[in-house]
Structures are given as C-alpha cells and as structure tokens.
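Sequential numbering of the sequence shown, starting at 228, is according to the numbering used here. Heads up, the beta-carbon is just placed ideally off N, CA and C, and yes, glycines get one too. Source: prediction; values computed, not measured.
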Amino acid sequence: MRLSAYLKTGTIIAGLAVTAAAQPGWAQSEAPAAEPEASAVADIVVTGSRIRRPNVEASTPVNVVDAQEIENIGVTNLIDAMARQPQVGLGASASSTTNTVAGQGLATLNLRNLGASRTLVLVNGRRHVAGSSGTSAVDVNTISKTTIARVDTVTGGSSAVYGADAVAGVVNFITKQDFDGIAAQAQYGSADGPNTYYGSVAVGRNFNDGRTNIMAAATYDKTEGLYRHERDYAMSGLAYIPNPDKKSPDDGLPSFITARDVYTNITNDSFTPVIVTPIGSNAAYSLTFTEDGRLVPFDRGQIVVDGAGRPQKVSIGGDGFKFREDALRTPVERYGGELQLRHQFQPSGDFISELNLFAEGKYFHTEANSQRENGTFAGDVAGTATGNAYRIQADNAFLPAELRAMLTAAGVEEFDITRNDRDFGIRTYESVYDTTRFVAGFDGAFSNGWRFETYVNYGQTESQFTNFDRLQREFYESIDAIEMNGQIVCADADARARGCKPLNLFGAGIASQEAIDYSYIYTVRDDVTRQWNAVASVNGELFSHPSLFSGTSLPVAFAAGVEWRKEYARSVPDLRSQQGLIFQNAQQITEGRYESKEIFGEINVPLLADVPFVQYLDLTAAYRYQDYTTTGGDSSYGVGLEWTVDRNIRFRGNFAKAVRAPNINELFGGGSEGYSQIEDPCDATRVNLGNFSSNRRANCAALGLSPDFVQSTATRPVVSQGNPDLAPEEGETLTLGVVLTPSFLPGLAVTIDHYDIKMSDVIASLGWRNIINNCVDSP
C-alpha cells in the first residue's frame, strides 16, 4: 500500500532585537546577518550544514535561541521552552502522556507536526539515544538547560546532511564549550498548581593556559501533577452528543452538538452497582446501591436521544459517573549530572596543525506517574460479563435480602450489573527512566587548512513501567460467591483451592482486602534502548575562483564523511500481560536491531559576489547514501540557493529529498493491544452517514443487522504490531523564503517562509475507524 501526505503553509515572522548582531527572539526564524567585517573574522558552523564558512546565512530556515532567552522564559525544562517556537508542533509532554499505559513524562519534539519520529534531535551535532524504546524520539527532559549555550532549529529535509529521521528538520542543542566559573539556578513556580521546583549548578574550569576545560553540572527538577478536579473546565462534563434535531442526512444540520454536564447513564458516581437487567416492574438502569449496600433508585438524568428519538448511553445531569481524579498534567521528577571535557593538544608534526580531544558523559533519572479515575470495569467475558456488565447469579451470597426477594418473585436466575471498581484501587501507571550517554572523539585541522572530526557515541535508556492491574480469571472467580457451611466462599472449588476469597460488589469500600489482593496486582514491563554511532568527516576549501564582473575571490567549500550506526531495542511486558491474563492491554515482546553504513558529501559553490543586485549568491548541494541491514540501500539529497541582494534583503530556497528508514517498533513490534471508543458504522445513529451511505446500509443489512441496531458497547480492543516488510518513507521538501533586515530600522528582522512537504510511502498505521468504515462503505 502506498500512502501520500501533503503539507503546505506559509509563515510570516518578525522580531526585534537590541542590535543587528543580537540573538533573535523566540518567534524569529534566524539571526540577522552579520556585518561583512565581522563575518570574515572566523569560520563558523551553522546547523544544517557541515561546511564551515564565513557567512552565517543558510538556504534553509535556522532558528537560533540562546541560553539567556531560555532562562528569561522561566520554564524548568527545555520542552516547555521549545514549544513556543512556531515550527514546533505538539509532541509528548507532561500534559499529553497522562493516560498512557507507558511513557508518562516523556518530552519529545515534533517539527511541523509530522511526528517525533521525523524530527532528528542532536547534541553538539551528534545523535542522542531515544527515550522511548524502539523509536528515534529523544526525551528532551534528559538535556539540561543549565549547560545549553544555544538551540538551533532547522526546518526542511536534512537527511542528506545528518542522516535518517530528519524529514521535518533538526533540533541541535549546543552546550557551553569553554565555561569557566560557577553558575547556579534555583526556581519555584506556581499558578494555582501545579507547583514546579528547579535547581541546578554548573562548575567549569580552564587549565593549561586555557587549553583544557572541564565542566560538570547537576540538575534536579520536579513538577507536581494537575488533576481534573482542580480545574473547573475539566469538571464541566463538556462532550459531543447526537443532535436530536438531525432528522435526515441531507437536512444540513450537524450530526453532533456540544453540551455540558454530560455523564454516562449506565454507571453511577458512587462506585456501586447499577442493575442493568429489568426485574419485575423495575426497568433497566433504574436501581442502584448505596455505599453500605442498600438498594435505592438510580437517577439517569435527562437521557440524550438522537434525531430518531433513540436513547443514548449518556445523559445531561443525573447520578452518572463523573471523572475527578484523572491527571491533566503528569507529575515528573528527575535528576542527573553531566561531565564535559575538552583538551587542546600542541601537535609538533607537519601533518596536523590543531588537535583537540572532546568527551561527554551524562546520566539522568526520571520518574513519572499518572492515574485514571475509572478504575477497572467489566468486559466481554463469555458467561461472566458482557457489554461492560458483570453477570451475577441470583444465589450470590452478598445480595441484600430485598434484592434477593425481588429476583425470586420475578423468577430471575441471573442478572447484569455495571460497576466502576474505583474502590478496589485507582488505575495508576508509573514510569522510571535511566538514561546514560558517552561521547569521545577528536577534532582539529590539517596543515593544509582542512578540518576533521571523528568520534564514537554510545547511549542507553532503560525504562520500567509499573501498572496497577487485575487478574481477570481470579477476579471473576471471586465475585461468584456462595454460602457454604455458614460461610461465604468462592463458588468454584478449584479456585478455593488456589486461595480464592469472595469479593463483595454490592456497595463501595466494603470488600475485604484479602479478596482484593486475590485478583489485583502490579505488573511490570522492562524496556531497553541502545545506540552505537561512529562518524568521521573532513571539510575544507577545494579551490577559489574569481567572481564574474567583480573578481572577488570565492572559495568552494566541501565536506564529506562516513558514518556507522547500530540501534537495538527490547521491550519485555509482564508475563501475565503477554498471556492476556490481565484487565489492561495485552502486549507481546518486542526485540529488534539494525545497522546502517553511510557515506555523505556536501559542497558549497559561490556563484557571484559584489556585483549590482548581488552581494552574494551561492549554491549548496548535499548527498548521502545509506545502507540498512533491514531495508537495504537508499539515498537522500538536497540543493539550496541563497541570494543576498544587499544588507537589507536576502532570498533563499532549498529542495531536499529526505529518507526515513522504519524504526524497530515499526518493523518488529510485538502485538500490542489498546482500547478505543469504537463507533460501529452500522449503529442506527451512523448507518446513514458517510460518503457512501447506500453501500453502508446494504452491507450492514448483509451482515444481518437491522436499521435499528445499536452497538452493545463502544470500548473494544484494538491490536497493532510491526511489519518487517516495510520500506523507507520519503519526504520531498521545498522551502522558499525572504529575509528583510532594513538598515533604516536597526535590530529589525522580518522573515517570510513558505514550505511545501510531500511524503510518499508513509509509514503509518491505518486507524480502526478507516478499517471498519472501509469494510462497510465499499461496493
């Protein structure tokens, strides 16, 4: 299957700095151009190119933000600061990982909203190990803002320069290189919750007449959680409901409208049962229980109906279940340390004129947790539960006498109840991450002026996820309770032999702890991700040529190198999760690895300089060939043109083909089960919707479903897994822009950029809605 996606937009960004050479504000796309005299002082390296050159301009938009600006924002971690950039979309954060079974507290970057897997994160131009097992998504929480000198953000395909995963762009965190002194920060913040705490210290020292620098830093920060009951908007019960005035697919009215105080009308807000089965004169969902087990009426509120007058499972008002304790922001606590060394040798030979040793080491420990108010509940278990309702026998020993008499009078031998089992324990998810990373290498210059760099890089992230869970078989054994010899016991003799204790559902908070302990447990999943990387590169001037019409000497610069990388990931869920014995998502082991061997080159060719209407015009081209053990060989390239008219205006354009090889989860992911609110297209509220409603009606009828069919439950398991036959995806990026730095307004820079991204062979999962709708909407 071939999937394609297109993304086009334009941005106009303006910022005001103190002087033309100052760092830009957060909304700016890049620093204003340096004065010609300053630009000739020393070659510099701009993220997005490996070529050192005297001008800071690039054909792709580069946003540069320094440490002072990050500090002025007042945030305690980098992800909250980075999110202020217009190029950065919504990635994982403490606000978006609140209800995940694993991965709480991760902070990932998502350029252009193309996904974290298409954003390459570097530290000092070098890769960083992923924070989420089996992916390439780097946890930005493991990068301390204390040691950051600046952050470069490059948008547009950069795979030819940096390799895979740079489809949307590159974010490069540059650390301080020659820090000498002590810097300490302490910060506390609160805006009616959550409270944040931050402390850091960095110590640096130059030795040997400045030829040796050592910097060490330690960081601690903590963000408290934020929960639903702490925000009025989250307690408003705002939801979409069917539009009761929608009488026809062609009447022009919306199918759904918004309403407040919308709650489920099949479970109550006291964590006690609601009786589903009609008993005598008592209709379905008309009876519930008090916390101490007394039978009372259940107020369903104003039941929502659709345009055909059919009742729904939600109501406005009433005694239905209300979410209170769900996390809106995940509490995160982390601490770690970094060590950085740089030493300049004094080579005595004629071959090397400069030689520097650099080394980096880090360790970060992160803990995060989240919770869900709705505890555990029933699911479709043959003979025991169906449609999120528990099946209870009329001889259950915990039934109150009043209910037992009603069942006997009505001749009911079994009945169904719904119940939110919050009183047995809130559903909690705890995540612990330990990240280590080491880099060592050399850079310098040959006697002919060419520069070189070579390094090795190793990183590892170990994660452990602990979840509060339920053993399904044991739970259903324990709720089938009978009286035997004057004692209440589990009905199944084999269960009794295994230690089964009867569990009382008919109230809230009245079950014995030993009964809860029989079926409620903690499950543990262990993940590990490892990355090995080795790179060697050179760059320098090939030759110079005189510019036409002016004779200005124009150096042609070149960079080339080789790279080797190995990625390994393993995820081992709890054995009971693998066997599908628990309430929550069943998961299988994921394990995989791949290696890549790559060669790359880049050239910068100045075309004109110092002629009318052309202060500087240059062409840049880059190419990379990569050979993966999983997907074979492929290549990426980029071509850019930069035209500086004068100090007031500059035009730029870049076209790039970027390639992303599938990651380990996409290739080797074991079957992972998730739960979604499934909307059956054959349901009476949806059978007449869609672009092919006649096909839908016919196919639903062919499935044996009547036009009045109402799905029994909306929560269903959805299983996804990796595909070892995946091929790389490709992205083609066109970026066009103009930079205005008017000399009559010193300090003003206005950037206008247009980007056009086309992706083909997109690696993605078809959602359940597409799969189900395609089943019934096709001819």
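Exposed unless 16 or more other CB atoms sit within 10 angstroms - verdict on N997 = exposed
Could you name the residues of the same chain whose beta carbon sits closer than 6 Å to that of A672, not counting the 5 residues immediately before and after it, in chain order?
-> S580, E581, R678
Could you please give the first and the last residue of the uninterrupted beta strand (DSSP E) stretch that includes R556?
-> Element bounds for R556: 554 to 556.
Taking 8 Å as the threshold, find out whether the region 696 to 705 comes into contact with the region 457 to 466 through three or more Cβ pairs.
-> The answer is no - the region 457 to 466 does not touch the region 696 to 705, with fewer than three Cβ pairs under 8 Å.
To the nearest angstrom, how far is it from the Cα of T645 to the Cα of R551?
-> Cα to Cα, T645 sits roughly 19 Å from R551.
Using a Cβ-Cβ cut-off of 6 Å (strictly less than) and excluding sequence neighbours within five positions of A249, which residues of its own chain qualify?
-> Bear in mind that a pLDDT of 31 at A249, under 50, signals an unreliable position, so the model cannot answer this.
Tell whether a beta-carbon distance below 8 Å holds between K728 and A718.
-> Note that the C-beta distance between K728 and A718 is not below 8 Å.
If you count every other CB in all the chains shown that lies within 10 Å of the CB of P934, and 16 or more means buried, which is it?
-> The residue is exposed, with fewer than 16 neighbouring Cβ atoms inside 10 Å.
Report the rounded CA-to-CA distance for A247 versus L338, giving the unit in angstroms.
-> Because the pLDDT at A247 is just 29, under 50, the model does not fix this residue reliably, and the point stays unresolved.
Sequence-distant residues of the same chain with beta carbon closer than 7 Å to E710, five excluded per side | Answer for E710: A624, listed in chain order.
Tell me, please, which residues DSSP counts as bridged to E900.
-> DSSP lists V946 as partners of E900.
Segments assigned beta strand (DSSP E), at least 3 residues, entirely inside the region 954 to 998 | 956 to 967, 975 to 987
Check whether the region 632 to 639 touches the region 529 to 547, counting contact only when three or more Cβ pairs, one atom from each stretch, lie closer than 8 Å.
-> no
Limits of the unbroken beta strand (DSSP E) element including R618 | 616 to 620
In its own chain, which residues sit with a C-beta less than 8 Å from the C-beta of F785, not counting the 5 before and 5 after it?
-> I278, N766, G767, E768, L769, G828, E829, I830, N831
Going along the chain, which residues of its own chain have a beta-carbon closer than 7 Å to the beta-carbon of W253, five neighbours each way excluded?
-> With a pLDDT of only 39 at W253, under 50, the local geometry of the prediction cannot be trusted, and the value read off the model is given with reservation. Taken in chain order, the residues that qualify are V292, E296, R311, Q312.
How many angstroms separate the CA atom of I984 from the CA atom of S276?
-> 20 Å
Please state if the CB of D448 and the CB of R561 are separated by a distance shorter than 8 Å.
-> yes
A763 vs T681 beta-carbon contact at 8 Å | Yes; because the gap between Cβ atoms is below 8 Å, this pair is in contact.
N-terminal and C-terminal residue of the alpha helix (DSSP H) that Q740 is part of = For Q740, the enclosing alpha helix (DSSP H) has its first and last residue at 740 to 746.
Distance between beta carbons of N647 and F604, contact taken as under 8 Å = Going by Cβ atoms, the distance from F604 to N647 rounds to 6 Å, so yes, they are a contact pair.
Taking three-plus beta-carbon pairs below 8 Å as touching, is the region 411 to 422 in contact with the region 384 to 397?
-> no
Please confirm whether A883 and G383 have their CB atoms less than 8 Å apart.
-> yes
Could you tell me which residues DSSP pairs with D696 in its beta bridges?
-> I748
Report yes if the CB atom of V185 is closer than 8 Å to the CB atom of M309, and no otherwise.
-> Nothing can be reported for residue 185: it is not among the residues displayed for the chain, which extend from 228 to 1006.
Which same chain residues, not among the five before or five after A486, have their C-beta less than 7 Å away from its C-beta?
-> Within the same chain, A486 has close Cβ partners A466, I468, I543.
Of the residues T635, M633, I748, the one placed nearest F651, counting alpha carbons only = Nearest Cα to F651 within the set T635, M633, I748: I748.
First through last residue of the alpha helix (DSSP H) which encompasses M633 | From DSSP, the alpha helix (DSSP H) with M633 extends over 628 to 637.
Expressed to the nearest angstrom, what Euclidean distance is found between the alpha-carbon atoms of D1004 and R923?
-> 5 Å
DSSP puts N509 in a beta bridge; with which residues?
-> I506
Rounded to whole angstroms, what's the CA-CA distance from S344 to S385? Just pull it up for me.
-> 14 Å
Give the C-beta separation of Y425 and Q412 to the nearest angstrom, bearing in mind that I take them to be a contact with Cβ-Cβ under 8 Å.
-> With a Cβ gap of about 7 Å, Y425 and Q412 count as contacting.
Touching by the beta-carbon criterion (3+ pairs, under 8 Å), the region 794 to 809 and the region 751 to 761 | yes
Can you name, in chain order, every residue of its own chain whose Cβ lies under 6 Å from the Cβ of N1033, other than the five neighbours on each side?
-> Residue 1033 falls outside the range modelled here, since the chain spans only 228 to 1006, and no answer is possible.
Do you know offhand how far S774's Cα is from V872's?
-> Between the C-alpha atoms of S774 and V872 there is a straight-line separation of about 15 Å.
Do L732 and Y855 have their C-beta atoms closer together than 8 Å?
-> For L732 and Y855, no; Cβs fall outside 8 Å.
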